[in-house]
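>
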Amino acid sequence: MISIETHNLTVSYNRRPVLWNIDFELPTGKIIGIIGPNGSGKTTLLKAIMGLVPTSSGYVKIFDQDLNDVRSRVSYVPQRESVDWDFPASVMDIVLMGRYKKNNLFKRISKADRDIAAEALEKVNMLEFSKRQISQLSGGQQQRVFIARSLAQGADLYIMDEPFIGVDAATEEAILKLLSDMKKDGKTVVVVHHDLQTAKDFFDWIVLLNTRMVAAGPIEEIFNETLLQEAYGGKLNVLSQVGDLMKEKAFDVRES
Amino acid sequence: MILGASAAIVGCFSFLRKRALVGDAIAHSILPGVCLAFMVSGSKNPLYLIIGAFITGWLSLLLIDAITRTTKLKSDTAIGIILSVFFGVGILLLTSIQHSGNASQAGLDKFLFGKAASLTKDDVYIFGTIALILIAVVILFYKEFKLISFNPDYAKVIGLPVQFLEFMLATITVLAVAVGIQAVGVVLMAALLITPASGARFWTDKLSVMILIATAFGAISGFLGSYISYIAPSMPTGPWIVMCLSMLTIGSIWFAPRTGMLAKFRVQKENQRKILIENVLKLFYHLGEKDGTFKKQRSTSVLLASRDLRIKELNRGLHLLKKEHWLRKKGDNWLITQSGLNEAKRIIKLHRLWEMYLNQRLKLEPDHVHNDAEAIEHIITPELEKQLEKELNYPTKDPHESVIPYAE
Ligand SMILES: Nc1ncnc2c1ncn2[C@@H]1O[C@H](COP(=O)(O)OP(=O)(O)O)[C@@H](O)[C@H]1O
Ligand SMILES: [Mg+2]
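From first to last, the protein sequence lines stand for chains A and B. For the first sequence, position 149 (counting from the first letter as 1) is numbered 149 according to the working numbering, and the numbering increases by one without interruption. Add 1000 to the 1-based position in the second sequence for the working numbering, that's all there is to it.
#1: Report the start-end ranges of each beta strand (DSSP E) in the segment 151–232 of chain A that is 3 residues or longer and not cut off at the edges.
#2: Just to confirm before moving on: does the CB-CB distance between A/GLY58 and A/ASN210 stay below 8 Å?
#3: Would A/ARG114 pass as an interface residue toward chain B - the criterion being a Cβ-Cβ separation below 8 Å?
#4: Would the beta-carbon of A/ILE222 fall within 8 Å of that of A/LYS200?
#5: Report all residues from its chain with a CB closer than 6 Å to the CB of B/ARG1017; omit the five preceding and five following residues, and keep chain order.
#6: For B/THR1204, name the three-state secondary structure that DSSP assigns.
#7: By the 10 Å Cβ neighbour count, where 16 or more other Cβ atoms means buried, how is B/HIS1028 classified, buried or exposed?
#8: Run down chain A in chain order and give the residues with a C-beta less than 9 Å from the C-beta of B/LYS1264.
#9: Cβ atoms of A/HIS194 and A/ASN38: under 8 Å apart, would you say?
#10: Taking the alpha carbon of B/TRP1254 as the reference point, which residue from B/SER1198, B/VAL1162, B/ILE1172 has its own alpha carbon closest?
#11: Nearest to B/TRP1334 by CA position, among B/GLU1385, B/VAL1280, B/LEU1309, is which residue?
#12: Determine whether the Cβ of A/MET50 lies closer than 8 Å to any Cβ atom of chain B.
#13: Report the rounded CA-to-CA distance for B/TYR979 versus B/LEU1364, giving the unit in angstroms.
#14: By the DSSP assignment, the beta strand (DSSP E) with B/THR1071 in it spans what residues?
#15: How would you list, in chain order, the residues of chain A whose beta-carbon sits under 7 Å from the beta-carbon of B/GLY1431?
#16: Answer yes or no: do B/VAL1124 and B/MET1168 have a C-beta to C-beta separation smaller than 8 Å?
#17: Output the distance between the C-alpha atoms of A/VAL11 and A/LEU19, rounded to the nearest integer angstrom.
#18: Which residues mark the beginning and the end of the alpha helix (DSSP H) in which B/ARG1361 is found?
#19: Evaluate A/MET1 with the Cβ neighbour count: other Cβ atoms within 10 Å of its Cβ, from every protein chain shown; 16 or more gives buried, anything less gives exposed.
#20: Does the beta carbon of A/TYR232 fall short of 7 Å from some heavy atom of ligand 1?
#21: Note down, in chain order, every chain A residue with its Cβ under 7 Å from the Cβ of B/VAL1022.
#22: With a cut-off of 8 Å on the beta carbons, I'd call B/GLU1355 and B/HIS1378 a contact; round off their distance for me.
#23: Measuring only between beta-carbons, confirm whether B/PHE995 sits less than 8 Å from chain A.
#24: Is any heavy atom in ligand 1 found nearer than 7 Å to the beta carbon of A/SER40?
#25: Pull out every residue of the segment 1318–1344 of chain B whose Cβ sits closer than 7 Å to any Cβ of chain D, in chain order.
#26: Any heavy atom of ligand 2 inside 7 Å of the beta-carbon of A/THR43?
#27: Can you tell me whether A/ASP161 is buried or exposed, with buried defined as 16 or more other CB within 10 angstroms of its CB?
#28: May I have the straight-line CA-CA distance separating A/GLY186 from A/GLY29, to the nearest angstrom?
#29: Around the Cβ of A/THR55, are there at least 16 other Cβ atoms within 10 angstroms (buried) or fewer (exposed)?
#30: What does A/GLN133 touch in chain B if you count any residue whose Cβ is under 9 Å from its own?
#31: Using a Cβ-Cβ cutoff of less than 6 Å, which residues in the same chain neighbour A/LEU67 once the five nearest sequence positions on both sides are dropped?
#32: Going along the segment 78–93 of chain A in order, which residues come within less than 8 Å of chain B, judged by CB to CB distance?
#33: Taking its Cβ as the centre, do 16 or more other Cβ atoms sit within 10 Å of B/ILE1229, making it buried, or is it exposed?
#34: Please identify the residue among A/ASN224, A/LEU157, A/GLN197, A/PHE202 whose C-alpha is closest to the C-alpha of A/ALA174.
#35: Strictly below 7 Å CB to CB, what residues from chain A border B/GLY1159?
#36: Can a CB atom of chain B be found closer than 8 Å to the CB of A/TYR158?
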C-alpha cells in the first residue's frame, strides 16, 4: 500500500521553484522522515501535500486518491512557530479543534468529542494541563498540544512539521514513544526533521531533500555517506541560478 | 450603545487576526459609497447609505487583498494606498454634493465625525437589526471563527470552508464599520473596533470572556458618550465614546490582574523584598559560620562591615525579618532564631548547589560561579532543589570547599 505519492511535483513562490520535480512513493505503517537542511523546502513539501500552496506542476495522491476524498484520514501538525501562542484559548480548546468537521459546521462540541480530546491529551501526557492557557506552556508542551489535536482527529496518516525542534528531552521521548505506538496501530507517520544525528534512530524510512529529491527509501539503504553529503552539501548551483532567472524573467515551470 | 457593542464583538476577531488597520481602511473606504448612494437615491435613508457603504467597504477589502497577492507590497502599504485613495474620492464626492445645493444634503458630512445624538427612531431600528444579525453570525460561527483566527492553515487542511468563513467575517466587519461610523464617524471608527478588544485582552485568557468584556466596554462607552452629549449638548458624542473607551483600556493596562502594570510592579516589589531579606539572612549565616556559632548577637555596624549594603536597606531588611520571626532584637543587637537559621541554611544550600552545578555541568571555573549563584539562589523552587540534589548526588562541599548545609 502507498500512503503518499508525489508525481513530478514542482512548487514555486513568485515563480521561483523551491521544489523541483519531487517524485516518490511512501509506504504505509512506517515512521518516515523527510530530512534536509534549513530552507531545503521541507515545509513547502508538506504544504503542497496538504493543498496549502499551489503546485506549478505534478500532482499528489494520498492513499491513491485526491486529498479531498481522504481528508478525514489525514492529519497535519503544523510547525509550532506558525501560530501565535498568545491567543486566548486553553489546551482543551485547541485539542477540540481536532474534532471540528467540515460537514457539521453548526454542530456544538459533544461529550463524546471531549472524551476523545481528553484521551488524546492523555497519550501525550498533558491531561493534567487541559485547563491551562496555551500562553503559559513551554515549547515542548505546545508541541504536545498540537500533536494531541491531531490525534483527536483519529486519522490514518499523520504529517508533522519539525515536532522535535526546540523541545525538551522529556517531550522528545514522549513523542518518540507515541510514534512507535502509532506505528503498532498500523498508522503512518511522516515527520519533517532537519537533524542528521538523530534521524537514524527515529525513522524506518527517509526522504532526503534539498530543493530536489536526493533519495528516498528504507533507512539502511539511504543512510550512507555519499547521499548525505549530497543532501547537505549545499544547493546545486545551476539549479538555483535557473530558479532566479525564472523569477526575474517571469517564466513559468510549464509552458502554457 | 448597540453600535459600540456590535463593533466591539467583531473587533475582537480583527484584533486576534492582527488586522487592526483593516478596520481603518474599511471606515475610510465607506465614505465614497455613502456619497454615491446619496447621489443615486437622492435620500438620506440609512438603508440606502449602508448599502452604498457596504459595497465600497467590500471593494476596498478585495483590492487590498489583490494588491498584497499580486505585487511585492506589504499589507500595511496596500492598506495605506486604498485608504487614502478611497477617502480622497469620498471627500471629492462630498464636496460636490455640498455645492450642488441639494436641499437634503445637510448632515451628510456628519459621517466624517459621527452623529449619534441625532439618530431618528427609524435609524435605531435599522441599526439594531444589523447589530442583532452580527451577534447571531458570531454565535453561529463562533468555533470556526476561533479556529481561522488562531490557525487558518489547519482549518483549511481539515476541510473547513475557510474562504466562505473569511468572507462572512469580512462581511460582518464591513457591516459593523458601516453601522458604527454613524456613531463616531470615519476618523474614530478604527478605535471603536479595536480598542475594546485590546483592553479586554488584559483581563482574560478566554476568548468567550474576552468578547463579553469587549462588548461591555463598547456598550458602556456608547452609553456614557451619548449621556455626556445629552446633558451637555455642545459636547460631541463620537469623540466622547472613544474617549471613554480609551480610559477603559488604559485602566485595563494598569489594573488588570497579573498582566496589568500595577500587578507587574507589585511582583517586582515582592521580588526585591525577597532578595533583600534572603541576603540579610545569609549575612547572619556567613558570620556564624566564621565564628563557629550562630548564637552570637550582631550589631548593625558589624553587619554593615561584612556586606555591601546601604544602612537604610539593611534596617528595612532587619525589620522585615523580625516580622517573619526569623530574627530577634536584643537591645541594639540582632540574633538569628532557629527558624531563621533553617531558612538561611536553605538559601546557602541553594547557592552552593548552584555553584556546584555551574562548575560541574557548565565547566565554569570556581571563581566564575559566585555571581550567578547570587541571583539564582532566590528563584530555585523546591522541585528544582530536589532535582539539583539528585543530579549532583548530594554533594557535601561546594567548589570553594565550603560546606553545603542540609536540613537535619
Ligand atoms: N511564503 C513564501 N514566499 C516566498 N518564499 C518562501 C515562502 N515560504 C518559504 N519560502 C522559501 O522557500 C524555501 C523553502 O522554505 P521551507 O519550505 O520553509 O524550507 P524548510 O522547511 O526546509 O526549512 C526557502 O528558501 C524559503 O525562503
Ligand atoms: Mg520548515
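No residue lacks a Cβ here, since even glycine has one placed at the ideal position from N, Cα and C. No experiment lies behind these values; they were computed from the predicted model shown.
Reading it off the structure:
#1: 157–160, 188–193, 205–210, 212–218
#2: In the first sequence, the residue the question calls residue 58 of chain A occupies position 58. In the first sequence, the residue the question calls residue 210 of chain A occupies position 210. Taking 8 Å as the Cβ cut-off, A/GLY58 and A/ASN210 do not qualify as a contacting pair.
#3: On the first sequence, position 114 is the one that residue 114 of chain A refers to. The beta carbon of A/ARG114 does not come within 8 Å of any beta carbon belonging to chain B, so the residue lies off that interface.
#4: In the first sequence, residue 222 of chain A corresponds to position 222, counting from 1. In the first sequence, residue 200 of chain A corresponds to position 200, counting from 1. No; because the gap between Cβ atoms is not below 8 Å, this pair is not in contact.
#5: For this step, residue 1017 of chain B is matched to residue 17 along the second sequence. Here the set comprises SER1149.
#6: Numbered from 1 along the second sequence, position 204 holds the residue referred to as residue 1204 of chain B. Looking at B/THR1204 - three-state DSSP - the assignment turns out to be coil, as it is neither helix nor strand.
#7: For this step, residue 1028 of chain B is matched to residue 28 along the second sequence. When all chains shown are included, B/HIS1028 counts as buried.
#8: For the purposes of this step, residue 1264 of chain B is taken as residue 264 along the second sequence, with counting starting at 1. The premise fails here: B/LYS1264 is roughly 15 Å from chain A at the closest Cβ pair, so nothing lies under 9 Å.
#9: For this step, residue 38 of chain A is matched to residue 38 along the first sequence. For this step, residue 194 of chain A is matched to residue 194 along the first sequence. For A/ASN38 and A/HIS194, yes; Cβs fall inside 8 Å.
#10: Counting from one through the second sequence, the residue named residue 1254 of chain B turns up at place 254. Nearest of B/SER1198, B/VAL1162, B/ILE1172 to B/TRP1254, Cα basis: B/SER1198.
#11: Counting from 1 along the second sequence, the entry for residue 1334 of chain B is found at position 334. Taking only the C-alpha atoms, the option nearest B/TRP1334 is B/VAL1280.
#12: To locate residue 50 of chain A, count along the first sequence from 1; it is residue 50. Closer than 8 Å: yes.
#13: What the structure shows of chain B is the stretch from 1001 to 1408, and residue 979 of chain B is not part of that stretch, so it cannot be assessed.
#14: Translated into positions along the second sequence, residue 1071 of chain B becomes position 71. Note, B/THR1071: premise wrong, no beta strand (DSSP E); not H, not E.
#15: Lying outside 1001 to 1408, the shown extent of chain B, residue 1431 of chain B is not represented and no answer is given.
#16: Working through the second sequence from its first residue, we reach residue 1124 of chain B at position 124. Working through the second sequence from its first residue, we reach residue 1168 of chain B at position 168. No, they are not a contact pair.
#17: Here residue 11 of chain A is taken as the residue at index 11 of the first sequence, counted from 1. Here residue 19 of chain A is taken as the residue at index 19 of the first sequence, counted from 1. Going by the C-alpha atoms only, they are around 5 Å apart.
#18: Position 361 of the second sequence, counting from 1, holds the residue named residue 1361 of chain B. Where B/ARG1361 is concerned, the enclosing alpha helix (DSSP H) stretches over 1338–1361.
#19: Looking up residue 1 of chain A in the first sequence gives position 1. Per the 10 Å Cβ criterion, exposed.
#20: Indexing the first sequence from 1 puts residue 232 of chain A at position 232. False, no ligand heavy atom lies under 7 Å from that Cβ.
#21: Residue numbering aside, residue 1022 of chain B sits at position 22 when the second sequence is read from its first letter. The contact set of B/VAL1022 on chain A, defined by CB atoms closer than 7 Å, is empty, because the minimum CB distance reaches about 17 Å.
#22: As a working note, residue 1355 of chain B is residue 355 in the second sequence. As a working note, residue 1378 of chain B is residue 378 in the second sequence. B/GLU1355 to B/HIS1378, Cβ: 14 Å. No contact.
#23: Here chain B comprises residues numbered 1001 to 1408, so residue 995 of chain B is not present and cannot be evaluated.
#24: Locating residue 40 of chain A in the first sequence gives position 40, counting from the first residue. Because some heavy atom of ligand 1 lies under 7 Å away, the Cβ of A/SER40 counts as near it: yes.
#25: The structure shown has no chain D; the protein chains it does contain are A and B.
#26: If you number the first sequence from 1, residue 43 of chain A lands on position 43. Yes.
#27: Position 161 of the first sequence holds residue 161 of chain A. So A/ASP161 counts as buried.
#28: Locating residue 186 of chain A in the first sequence gives position 186, counting from the first residue. Locating residue 29 of chain A in the first sequence gives position 29, counting from the first residue. Taking the straight line from one Cα to the other gives about 5 Å.
#29: In the first sequence, the residue the question calls residue 55 of chain A occupies position 55. The residue is buried, with at least 16 neighbouring Cβ atoms inside 10 Å.
#30: By one-based count along the first sequence, residue 133 of chain A stands at place 133. Here the neighbours are ASP1205, LYS1206.
#31: By one-based count along the first sequence, residue 67 of chain A stands at place 67. Same-chain partners within the cutoff: GLY51.
#32: PRO78, SER82, VAL83, ASP84, PHE87, PRO88, ALA89, SER90, ASP93
#33: Here residue 1229 of chain B is taken as the residue at index 229 of the second sequence, counted from 1. Looking at the sequence shown, residue 1229 of chain B is not Ile but Ser. So B/SER1229 counts as buried.
#34: Stepping through the first sequence from its first residue, residue 174 of chain A is reached at position 174. The residue with the shortest Cα to Cα distance from A/ALA174 is A/PHE202.
#35: Sequence index remark: in the second sequence, residue 1159 of chain B carries index 159 (1-based). B/GLY1159 reaches chain A at ARG71, LYS102, counting residues in chain order whose Cβ is nearer than 7 Å.
#36: Within the first sequence, the letter at position 158 stands for residue 158 of chain A. It does not: the Cβ of A/TYR158 has no partner Cβ on chain B nearer than 8 Å.
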